[in-house]
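Participant:
Numbering (our numbering), first residue to last: 25 to 626.
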């Protein structure tokens, strides 16, 4: 009993390891664990004579005598490791005695007889009872003159389940793969362009029935997309993108998670690394139209890791500059959500829409899908969805729009009265609206007080301002130069104008010195009291604090400066060298980062 209990505990550990392998989708290890369990159970039953002790066929007189097996403490057989199980299954002792495999005669004239490969490894995953003498079934073809078909060819292939466990099995698989067709004629017609661009060897990996081959194909394709110099000289980038999309369309629909994960990473490599500044607008639109519906379908998958990965991939596509310029992703996400839409799919769509609003902002372009009206329609449809998580995300989208256009939101919702507030949904929503309105009023009152204080400060400062000194430090401003301000001011009004409202001037936040905006970067690195803490960025020529330099290099606006252009330190836009006046004074080109311009407009 002690020996059987110890053996049972070991079998339980094997069963648990097998279940974990199935959960991780490692089916090769799971099958080996199953064979390991069967081999060890049979060895234990044989050594301890369990079948004899159970007396299934009646009493056995020998059991009443002292058995030599149980005279001393029974010893359990030593368990086999997975490597030993793999080698045992690969080299079946029953097949080693035959000098050469039997041959199968073909009915086609002029064709040599083909050797019949016994399916040794097909026993993997089968119980020993199926291989018992009572099982009279045979895998051989009964009619040797009958033509061979593809199903029999596939059945006679050596199964590659031991590829990760035994190198010799991988060699057998590599040797036998070329003897069987991987792609049929229909698949070859579908993949005609990828075959022309990438070659047969790579494309056949995508059509292989082994998920390891499909993963290898995706890895190779991803390396090509990240280093396109290998094929750029012979094939145009548009054809490479179209061929990659055809292969990725097949890989994204794969049911194996590891393959889908590799496919999602390759899709990101296509849109982030390969497409920018290489592919035409029409080809980009074709790629998105091909892949986006499949990724949207995956975003509603029951598995959290699948739909999370699909969402991340879609957002990566949406961040591509070429995709944003054509508005290819946001309109598909901002469509109204019907009450019959599956909760997981509806939740994923609105979550991705919320992330786009936070990252790209609300747009005024009607085709962008991120306008206040389209977001309001999607949010209003989402708050009426039966699923509570969908309603919560839709409320957050409406609150984002309400901060920009409260009148539109109020117009789309029922009137704010006691009857409407009896509904818990509307009561919570209107409560949040009231908080935003209160915060907006407080902010307006605070800004009004700050403006009044600054006016008083400017008036007091104007009494002691030395106009002649200002003329020396700012000659262009005082003399009305072509790049200066054309407004005419006299006495204290001119001083107040320079100190408070002139859009071409600014106060240095470090030393409070009034200077031209065009000279701000030079001032920080050469004249300012804190000049030791600032350096000039070699890429964009802006003055950056030393501690923030590494973060500055990651900013989107930090890019190379074109010839004949200068960088505005307030809005980070490139303007012509003689275009400061137009940038600060003309209404159609005013600087978005200039707070003095905003005060002037008010």
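Ideal placement from N, C-alpha and C gives every residue a C-beta, glycine not left out. All of these numbers come straight from a predicted model, not from anything done at the bench.
1. Residue 376 to residue 415, Cα distance in whole Å?
2. Given that a residue counts as buried once 16 or more other Cβ atoms are within 10 Å of its Cβ, and exposed if not, what is residue 544?
3. Do the CB positions of residue 308 and residue 335 come within less than 8 Å of each other?
4. Whole angstroms is fine: what's the gap from residue 449's alpha carbon to residue 407's?
5. Which whole-angstrom value is the C-beta distance of residue 339 and residue 286, which I expect to be below 8 Å?
6. For the beta strand (DSSP E) that residue 530 lies in, which residues bound it at each end?
7. Could you give the distance in angstroms between the alpha-carbon of residue 50 and the alpha-carbon of residue 566?
8. Count the other C-beta atoms from every protein chain shown that fall within 10 angstroms of the C-beta of residue 99, then say buried if there are 16 or more, exposed otherwise.
9. Look up residue 616 in the DSSP assignment and say whether it is helix, strand or coil.
10. Taking just the CA atoms, how far does residue 227 sit from residue 579?
11. Go ahead and label residue 48 buried or exposed: buried means 16 or more other beta carbons lie within 10 angstroms of its beta carbon, across all protein chains shown.
12. Let me know if residue 530 comes out buried or exposed under the rule of 16 or more other beta-carbons within 10 Å of its beta-carbon.
13. Per DSSP, residue 539 is paired with what?
14. Would you tell me roughly how many angstroms separate the C-alpha atoms of residue 390 and residue 319, rounded to the nearest one?
15. Whose C-beta lies closer than 8 Å to the C-beta of residue 310 among residues of the same chain, with five residues either side of it excluded?
16. For residue 457, tell me which candidate among 109, 225, 427, 276 has the shortest Cα-Cα distance.
17. Rounding to the nearest angstrom, what Cα-Cα distance links residue 620 and residue 410 in this structure?
18. Taking the alpha-carbon of residue 573 as reference, which of 583, 561, 474 has the nearest alpha-carbon?
19. Among 289, 344, 401, 293, which one has its Cα closest to the Cα of residue 362?
20. Under three-state DSSP, which class holds residue 567?
21. Give the range of the alpha helix (DSSP H) segment to which residue 599 is assigned.
22. For residue 560, list the residues DSSP reports as bridge partners.
23. Less than 6 Å between C-beta atoms, sequence neighbours within five positions excluded: which residues of the same chain meet that for residue 31?
24. Looking at C-alpha atoms only, which residue of 563, 234, 557 is the closest neighbour of residue 627?
25. Looking at the structure shown, is residue 606 part of a helix, part of a strand, or coil, going by DSSP?
26. Give the DSSP-derived three-state secondary structure of residue 591 in the structure shown.
27. Kindly indicate which three-state DSSP category residue 291 falls into: helix, strand or coil?
Facilitator: On the basis of the coordinates in this document:
1. 14 Å
2. buried
3. no
4. 8 Å
5. With a Cβ gap of about 19 Å, residue 339 and residue 286 do not count as contacting.
6. 529 to 531
7. 53 Å
8. exposed
9. coil
10. 39 Å
11. exposed
12. buried
13. 530
14. 25 Å
15. 266, 269
16. 427
17. 49 Å
18. 561
19. 401
20. strand
21. Careful: residue 599 lies outside any alpha helix (DSSP H), inside the beta strand (DSSP E) at 598 to 600.
22. 567
23. 68, 100
24. Here the chain covers residues 25 to 626 and nothing more, so residue 627 does not appear.
25. helix
26. strand
27. helix
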